[in-house]
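> This is the structure I have questions about; it appears just below.
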Amino acid sequence: MNQLATALPGTFRLGLARGAIELKQFFRQKEHALFTFSLPPFLLLILGSVFRQAFDNDGTAVSQMFTASMIGSGIISTSFVSMGIGVALDREDGTLKRLRGTPLPAVAYFLGKIVLVGVSSVAQVVLLLTIGLLMFDLTLPTDPARWVTFAWVFVLAVVTCSLLGIAVSSVARSAQSASSVTNFPYLGLQFISGVFINPITMLPTAMVTVSSFFPVKWICQGFRAVFLPEHMAAREMAGSWELGMIALVLSSWCVLGLALCRLTFRWTNTGR
Amino acid sequence: MHTIDVRGLAKAYRGVPAVRNLDLAVPRGEIFALLGPNGAGKTTTVEILEGHRARDAGTVRVLGEDPARAGYAWRARLGIVLQTATDAAELTVAETVRHFARYYPNPREVDYVLDACGLTEKASARVRRLSGGQRRRLDVALGIIGKPELIFLDEPTTGFDPEARRQFWDLIRLLASDGTTIVLTTHYLEEAETLADRVAVIARGEIVAEGEPDTLGGRATAEATVRWTDANGVHTKQTGTPTALINQLSSGTEELAELTVSRPTLEDIYLELIGGRP
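First to last, the sequence lines map onto chains A and B. Each residue of the first sequence is one higher than the one before, counting from 40 in my numbering. Each residue of the second sequence is one higher than the one before, counting from 5 in my numbering.
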């Protein structure tokens with residue numbers, strides 16, 4: 040036997056192979072994984088059609104603002120909710136137990152999850168953008184600086200929310216409870232973060248003070264900064280887009296999420 | 005050097021001992037069965053050998069390495085057949101086996117494994133549509149795809165019909181004939197008897213008996229039970245010398261109907277060993 044024939048497959052290649060398998064399973068599944076993907080576009084279609092009126096004194100439709108916020112909500116669903124349920128499900132159905140008995144490095148498993156979250160989040164954004172462009176007067180920014188903002192808000196949001204989702208999956212004792220443990224904070228925070236109620240300044244200040252401690256408000260604000268005209272910044276709590284603050288809050292949650300994952304990750308639901 | 009070498013293994017959960025001072029040696033190429041009631045320490049022992057559980061004391065060598073410290077290269081030489089997994093539901097059988105083959109440096113042919121496990125006809129079926137027995141055969145396929153030197157089988161034929169069980173035993177014998185070492189836990193004593201070269205009975209965290217299935221627990225030298233029917237009805241007699249008894253009985257002219265001589269079955273011995281005999 041030569042050295043080549045016995046060398047272990049590379050972690051990165053295995054991660055991509057895991058990603059392909061994860062995507063296959065995700066899009067063949069009819070239940071909750073796909074539900075986390077289709078709920079945000081569905082909400083956008085329904086609620087966007089309700090918010091048809093324009094803000095006073097300018098031509099920006101409320102639905103336009105709502106679409107921008109929903110892009111944030113959409114990728115939180117495809118990262119936080121999908122990861123929280125997905126990892127809990129992998130723990131419950133024995134996927135993790137089986138992988139642990141193979142030479143697959145744990146890193147490759149998580150690379151596969153990153154591929155799944157990355158692809159489904161991009162698909163989610165494309166779907167929401169298409170709805171926004173066709174139905175709700177959304178326009179694509181032409182300024183390259185806005186696309187730079189889009190890129191870092193997207194990456195930081197997806198990574199942070201995925202880590203928090205994995206951490207939350209360990210709190211849940213089953214895939215069933217993971218669904219409530221992820222959806223409850225997700226839905227609750229959307230209400231107090233000015234996603235469904237536009238603009239955010241209509242909410243009681245105390246409520247926004249609470250939501251300002253969590254990522255949802257900042258992620259959605261980031262996408263409003265990308266997709267809304269400059270003068271709409273006046274309708275934010277601070278009267279500006281606060282890009283620095285967005286970066287700071289999301290990075291802090293990212294570090295916290297990573298620490299929580301390392302502390303709480305379990306391979307099985309039975310004790311050690 | 006043995007494939008598995010365990011000395012003085014101990015493990016307790018919150019002060020309650022699950023395994024205490026357990027010794028075990030399994031040579032290469034052997035089919036070794038670990039028998040024991042639930043809660044006897046069977047699963048704890050196997051999980052320590054698999055590197056999935058930490059031990060409190062003792063030395064453990066599996067394929068020459070300490071499972072608590074061994075890396076991915078060691079894991080690639082090991083096959084674990086799970087009992088309760090319902091994973092990969094949306095993939096097809098062939099996709100699943102092909103995917104797992106990628107994890108190993110030197111895997112078996114996917115088609116060979118599908119055929120050996122009787123899954124060729126189900127290759128393009130979704131895993132969720134498999135019957136219980138087919139699902140277990142897929143678990144076995146995933147356990148052997150990496151061409152392991154050592155396979156752990158946890159109650160592998162639970163839910164199999166008799167024919168599937170026989171096919172499975174043939175597969176295990178085939179693997180063993182290649183020099184693969186096989187450790188199986190089972191509730192079916194018949195399975196241990198036909199399949200295993202050696203069995204160990206574990207009870208209350210200790211090995212209480214170990215040996216070939218035919219001689220376990222003094223089975224071969226135990227008193228035989230002779231049973232026959234004559235005009236007076238059914239008779240049974242325990243004796244250390246059954247041949248002499250039969251000679252004596254057959255000296256008359258009367259036909260001895262339904263004459264049988266039996267040693268204790270493996271089940272009798274097993275129940276006695278684990279203290280479950282009524």
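A virtual CB, placed ideally from N, CA and C, is assigned to each residue, including glycine. Remember, it's a predicted structure, so these values are computed and weren't measured experimentally.
Anything in chain A within Cβ reach of D115 (chain B), meaning under 8 Å, just list it in chain order.
In the second sequence, residue 115 (chain B) corresponds to position 111, counting from 1. Within chain A, no residue comes near D115 (chain B); the closest Cβ sits about 19 Å away, beyond 8 Å.
> When DSSP labels each residue in this structure, what does P183 (chain A) get in the three-state scheme?
Indexing the first sequence from 1 puts residue 183 (chain A) at position 144. Three-state DSSP puts P183 (chain A) in a helix.
> Looking at C-beta atoms only, is the number of pairs between the segment 69-78 of chain B and the segment 103-123 of chain A that lie closer than 8 Å three or more?
No contact exists between the segment 69-78 of chain B and the segment 103-123 of chain A.
> Quick check: the segment 177-194 of chain B against the segment 142-159 of chain B, are there 3 or more CB pairs under 8 Å?
Touching, yes.
> Just to confirm my understanding: we take R274 (chain A), look at its own chain, exclude 5 residues before and 5 after, and list those with CB closer than 7 Å. What are they?
Taking the first residue of the first sequence as 1, we reach residue 274 (chain A) at position 235. So the qualifying residues of the chain are P238, T240.
> Tell me, to the nearest whole angstrom, how far the beta carbon of L154 (chain A) is from that of L295 (chain A); I am working on the premise that it is less than 8 Å.
Residue mapping note: residue 154 (chain A) aligns to position 115 of the first sequence, counting from 1. Residue mapping note: residue 295 (chain A) aligns to position 256 of the first sequence, counting from 1. In the sequence on display, residue 154 (chain A) carries Val and not Leu. Incorrect: roughly 24 Å between the Cβ atoms, too far for contact.
> Taking the alpha carbon of L277 (chain B) as the reference point, which residue from B:N236, B:A200, B:E69, B:G40 has its own alpha carbon closest?
Locating residue 277 (chain B) in the second sequence gives position 273, where the first residue counts as 1. Comparing Cα-Cα distances from L277 (chain B) to each of B:N236, B:A200, B:E69, B:G40, the minimum goes to B:G40.
> Tell me, to the nearest whole angstrom, how far the beta carbon of L146 (chain B) is from that of T100 (chain B); I am working on the premise that it is less than 8 Å.
Counting from one through the second sequence, the residue named residue 146 (chain B) turns up at place 142. Counting from one through the second sequence, the residue named residue 100 (chain B) turns up at place 96. Confirmed, Cβ separation roughly 7 Å.
> Relative to the C-alpha of R57 (chain A), which residue among A:F94, A:L166, A:L138 is closest?
The sequence position of residue 57 (chain A) within the first sequence is 18, counting from 1. Residue A:L138 is the option with its Cα nearest to R57 (chain A).
> Can you give the Cα-Cα distance for V126 (chain A) and F172 (chain B), rounded to whole angstroms?
Indexing the first sequence from 1 puts residue 126 (chain A) at position 87. Indexing the second sequence from 1 puts residue 172 (chain B) at position 168. Using only the alpha carbons, I get a separation of about 33 Å.
> What's the gap between the Cα of S250 (chain A) and the Cα of K256 (chain A)?
The residue given as residue 250 (chain A) occupies position 211 in the first sequence. The residue given as residue 256 (chain A) occupies position 217 in the first sequence. If you take the alpha carbons of S250 (chain A) and K256 (chain A), they lie about 6 Å apart.
> Using a Cβ-Cβ cut-off of 8 Å, state whether D182 (chain A) counts as contacting chain B.
Within the first sequence, the letter at position 143 stands for residue 182 (chain A). No, D182 (chain A) does not count as interfacial toward chain B.
> Given a threshold of 16 other Cβ atoms within 10 Å of its Cβ, counted over all protein chains shown, does H103 (chain B) qualify as buried or as exposed?
What you label residue 103 (chain B) is simply residue 99 of the second sequence in a count that begins at 1. Buried, since its Cβ has 16 or more Cβ neighbours within 10 Å.
> When you compare the CB positions of G150 (chain B) and A80 (chain B), do they come within less than 8 Å of one another, or not?
For the purposes of this step, residue 150 (chain B) is taken as the residue at position 146 of the second sequence. For the purposes of this step, residue 80 (chain B) is taken as the residue at position 76 of the second sequence. Contact: yes.
> Rounded to a whole number of angstroms, what is the C-alpha to C-alpha distance between H6 (chain B) and T185 (chain B)?
Looking up residue 6 (chain B) in the second sequence gives position 2. Looking up residue 185 (chain B) in the second sequence gives position 181. Computed Cα separation, rounded: 10 Å.
> Name the chain A residues that come within less than 7 Å of A80 (chain B), Cβ to Cβ?
Counting from 1 along the second sequence, the entry for residue 80 (chain B) is found at position 76. Residues of chain A passing the Cβ test: L47, P142.
> So, with DSSP's three-state summary, where would you put W78 (chain B)?
Stepping through the second sequence from its first residue, residue 78 (chain B) is reached at position 74. Residue state, collapsed to three classes: helix.
> On a CA-only basis, which of A:A162, A:S116, A:P79, A:K63 is nearest P254 (chain A)? Give me that one, please.
On the first sequence, residue 254 (chain A) is found 215 positions in, with the first residue counted as 1. Comparing Cα positions, the closest option is A:S116.
> For T88 (chain B), which residues in chain A fall below 7 Å Cβ to Cβ?
Your numbering for residue 88 (chain B) matches position 84 in the second sequence. Neighbours of T88 (chain B) on chain A, chain order: G133.
> Using a Cβ-Cβ cutoff of less than 8 Å, which residues in the same chain neighbour T96 (chain B) once the five nearest sequence positions on both sides are dropped?
Working through the second sequence from its first residue, we reach residue 96 (chain B) at position 92. Cβ within range, chain order: A127, S128, A129, R130, V131.
> Can you grab the Cα-Cα spacing for the pair K15 (chain B) / T49 (chain B), in whole Å?
As a first step, residue 15 (chain B) must be located in the second sequence, where it is residue number 11. As a first step, residue 49 (chain B) must be located in the second sequence, where it is residue number 45. Their backbone Cα atoms lie some 9 Å apart in a straight line.
> Name the residues in the segment 97-111 of chain B whose C-beta lies less than 9 Å from a C-beta of chain A; which are they?
The segment 97-111 of chain B vs chain A, Cβ under 9 Å: E99, T100, H103, F104, R106, Y107, Y108, P109, N110.
> Rounded to the nearest angstrom, how far is the Cβ of V90 (chain A) from that of S102 (chain A), given a contact under 8 Å?
As a first step, residue 90 (chain A) is located in the first sequence; it is residue number 51 there, counting from the start. As a first step, residue 102 (chain A) is located in the first sequence; it is residue number 63 there, counting from the start. Correcting the residue type first, residue 90 (chain A) is Phe in the shown sequence and not Val. Between S102 (chain A) and F90 (chain A) the Cβ distance is about 5 Å, and since that is below 8 Å, they are a contact.
> Just checking: is the beta-carbon of L123 (chain B) within a distance shorter than 8 Å of some beta-carbon in chain A?
The sequence position of residue 123 (chain B) within the second sequence is 119, counting from 1. Cβ-Cβ to chain A under 8 Å: no for L123 (chain B).
> Could you check the C-alpha separation between E131 (chain A) and E94 (chain B) for me, to the nearest Å?
Here residue 131 (chain A) is taken as the residue at index 92 of the first sequence, counted from 1. Here residue 94 (chain B) is taken as the residue at index 90 of the second sequence, counted from 1. Cα to Cα, E131 (chain A) sits roughly 15 Å from E94 (chain B).
> I want to see whether chain B comes within less than 8 Å of R137 (chain A), judged by CB atoms only; does it?
Walking along the first sequence from the start, residue 137 (chain A) turns up at place 98. Chain B contact via Cβ: present.
> Of all the alpha helix (DSSP H) runs that stay within the bounds of the segment 129-189 of chain B, which reach a length of 4 or more residues?
Those alpha helix (DSSP H) runs which fall completely within the segment 129-189 of chain B and span 4+ residues are 136-148, 166-181.
> Is the Cβ-Cβ distance between L289 (chain A) and L195 (chain A) less than 8 Å?
Start at 1 with the first residue of the first sequence, and residue 289 (chain A) comes out as number 250. Start at 1 with the first residue of the first sequence, and residue 195 (chain A) comes out as number 156. Yes, the Cβ-Cβ distance between L289 (chain A) and L195 (chain A) is below 8 Å.
> Which of helix, strand or coil does DSSP assign to N25 (chain B)?
Here residue 25 (chain B) refers to the residue found at position 21 when the second sequence is read from its first residue. Correct three-state label for N25 (chain B): strand.
> Quick one: does K63 (chain A) have its CB under 8 Å from some CB of chain B?
Locating residue 63 (chain A) in the first sequence gives position 24, counting from the first residue. Yes, contact with chain B.
> Flag R263 (chain A) as yes if its beta-carbon sits less than 8 Å from any beta-carbon of chain B, otherwise no.
Against the first sequence, residue 263 (chain A) aligns to sequence position 224. With 8 Å as the cut-off, R263 (chain A) does not count as an interface residue toward chain B.
> Going by beta-carbon coordinates alone, are D9 (chain B) and A37 (chain B) separated by less than 8 Å?
For the purposes of this step, residue 9 (chain B) is taken as the residue at position 5 of the second sequence. For the purposes of this step, residue 37 (chain B) is taken as the residue at position 33 of the second sequence. Cβ atoms of D9 (chain B) and A37 (chain B): not closer than 8 Å.
> Check the Cβ of Q68 (chain A) against every Cβ in chain B and list those closer than 7 Å, keeping chain order.
Counting from one through the first sequence, the residue named residue 68 (chain A) turns up at place 29. Result: E94.
> Taking 8 Å as the CB-CB cut-off, is A127 (chain A) touching chain B?
Taking the first sequence and counting its residues from 1, one reaches residue 127 (chain A) at position 88. No - not a single Cβ of chain B is within 8 Å of the one on A127 (chain A).
> Is there a Cβ from chain A that is less than 8 Å from the Cβ of L2 (chain B)?
It is not possible to answer for residue 2 (chain B), since the shown part of chain B is limited to 5 through 282.
> Closer than 8 Å by beta-carbon distance: list the chain B residues that pair up with L53 (chain A), in chain order.
Within the first sequence, numbered from 1, the residue matching residue 53 (chain A) stands at position 14. Neighbours of L53 (chain A) on chain B, chain order: R106, Y107.
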